[in-house]
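Novice: Numbering (the numbering used here), first residue to last: 915 to 1238. Please find one structure pasted underneath; my questions will follow.
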Ligand SMILES: [Fe+2]
């Protein structure tokens, strides 16, 4: 930690959000303001960014970080090389795209893990499983193109894919009904569940007002679109396709695309549906702030037969540690 009375005048405030979806390498130093005139040197050009700490700062309400005046040009250059620009530049080598995707995945996972209380061991195992999926999926050029669309489709969609993958595995594990292979299928199904959105206009996901009937109809096509996208991909098991296609079915029969009743909905799809609902509730959306974890669990408990009742009980034990 650096305390330097002259430092304050040499520093420029920059928005902490600028570091989101950015690559890890920084060729400048970054400081955190502790109090008036008192700054800590938190990331350096030799160590790079630490995504976990960055996510913790955001959760604690930090809105700005600081860079040296002398480094401001390097900083501007850094933010111009966002993950998005790397993915969309036709000259970016494939390896660079994959390493950037893995970086972004790690960054998004860090953001998920600061929101929920999960022990380090479970967190790191889950992170490894997800990094493996991303590597597996990215090894197939057709699937890599799909995943890059997911990343480029607005920042919420990729974060949500990662969050649902993590939550699906936690719920499935806590339900005690799955072996390791099915747990991993659930993680992959959770990761790909909303892939159909990549075929729809991005603004539909972040629309701030009430959707019109016509817009709702379009949004509902994403389950079928997702299924179609995975139809000819050899590395994706059928179970994952069922999850993608059925993740908006509801035990009450009021879901879509087919209004299936509880007995015929594929059980892992019910888990992903719940993980999807939970992730959406604890995320900040354009039309509302995020709900706290206890508030989100309460909403799921009060949702009637929108979700599987037994699985909702499992969610309370997973995400409300003191209720165990
Ligand atoms: Fe969905």
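Glycine included, C-beta positions come from ideal geometry on N, C-alpha and C. Bear in mind that the values here come from a model prediction, so they are computed numbers and not experimental data.
Please state whether DSSP places residue 1138 in a helix, a strand or coil.
Specialist: Looking at residue 1138 - three-state DSSP - the assignment turns out to be helix.
Novice: Taking 7 Å as the limit between beta carbons, can you name the residues of its chain near residue 1238, skipping five residues before and five after?
Specialist: Residue placement at residue 1238 is poorly supported in this model, since its pLDDT is 44, which falls under 50; the coordinates still yield a value, given next. These residues qualify, in order along the chain: 1231.
Novice: What does residue 1158 pair with, by DSSP beta-bridge criteria?
Specialist: In DSSP, residue 1158 forms no bridge with anything.
Novice: Helix, strand or coil, according to DSSP, for residue 1166 in the structure here?
Specialist: Of the three classes helix, strand and coil, the one that applies to residue 1166 here is coil, per DSSP.
Novice: Which one of 933, 1082, 1042 has the shortest CA to CA distance from residue 965?
Specialist: When each option's Cα is compared against that of residue 965, the closest is 933.
Novice: So who's on the other strand from residue 980, going by DSSP bridges?
Specialist: 927, 945, per the DSSP bridge assignment.
Novice: Is residue 1136 close to ligand 1? I mean its beta-carbon at under 7 Å from any heavy atom of the ligand.
Specialist: Under cutoff, so the answer is yes.
Novice: Would you kindly report the start and end of the unbroken alpha helix (DSSP H) that includes residue 1210?
Specialist: Run containing residue 1210: 1207 to 1215, per the alpha helix (DSSP H) assignment.
Novice: At a threshold of 7 Å, does residue 1108 count as lining ligand 1 (C-beta to nearest heavy atom)?
Specialist: Because some heavy atom of ligand 1 lies under 7 Å away, the Cβ of residue 1108 counts as near it: yes.
Novice: Which same chain residues end up closer than 8 Å to residue 1225 when comparing Cβ atoms and leaving out the 5 residues on each side of it in sequence?
Specialist: 1085, 1089, 1184, 1185, 1188.
Novice: Does any residue of chain C have a CB that is nearer than 8 Å to the CB of residue 944?
Specialist: The structure shown contains no chain C; it holds only a single protein chain.
Novice: Where do the N-terminal and C-terminal ends of the alpha helix (DSSP H) with residue 1186 fall, by residue?
Specialist: First-last of the alpha helix (DSSP H) with residue 1186: 1181 to 1196.
Novice: Cβ atoms of residue 1119 and residue 1097: under 8 Å apart, would you say?
Specialist: No; because the gap between Cβ atoms is not below 8 Å, this pair is not in contact.
Novice: Use the C-beta contact count for residue 1011: other C-beta atoms within 10 angstroms, 16 or more gives buried, fewer gives exposed.
Specialist: Buried: at least 16 other Cβ atoms inside 10 Å.
Novice: Count the other C-beta atoms from every protein chain shown that fall within 10 angstroms of the C-beta of residue 1228, then say buried if there are 16 or more, exposed otherwise.
Specialist: Buried is the call here.
Novice: Expressed to the nearest angstrom, what Euclidean distance is found between the alpha-carbon atoms of residue 994 and residue 1166?
Specialist: Spanning the two alpha carbons is a distance of roughly 48 Å.
Novice: Taking three-plus beta-carbon pairs below 8 Å as touching, is the region 1110 to 1118 in contact with the region 1203 to 1214?
Specialist: Flag = no, the region 1110 to 1118 and the region 1203 to 1214 do not touch.
Novice: Could you give the uninterrupted runs of the alpha helix (DSSP H) lying entirely in the region 1001 to 1056, keeping only those of 4 residues or more?
Specialist: Those alpha helix (DSSP H) runs which fall completely within the region 1001 to 1056 and span 4+ residues are 1008 to 1027, 1034 to 1052.
Novice: Is residue 1161 near ligand 1, in the sense that its beta carbon is under 7 Å from a heavy atom of that ligand?
Specialist: Residue 1161: yes, Cβ under 7 Å from ligand 1.
Novice: Which residue comes first and which comes last in the beta strand (DSSP E) that contains residue 953?
Specialist: 952 to 957 is the extent of the beta strand (DSSP E) around residue 953.
Novice: What is the C-beta distance between residue 946 and residue 979, in whole angstroms, given that I count them as a contact (C-beta under 8 Å)?
Specialist: Going by Cβ atoms, the distance from residue 946 to residue 979 rounds to 6 Å, so yes, they are a contact pair.
Novice: Can you tell me whether DSSP reads residue 1110 as helix, strand or coil?
Specialist: Residue 1110: helix per DSSP, three-state reduction.
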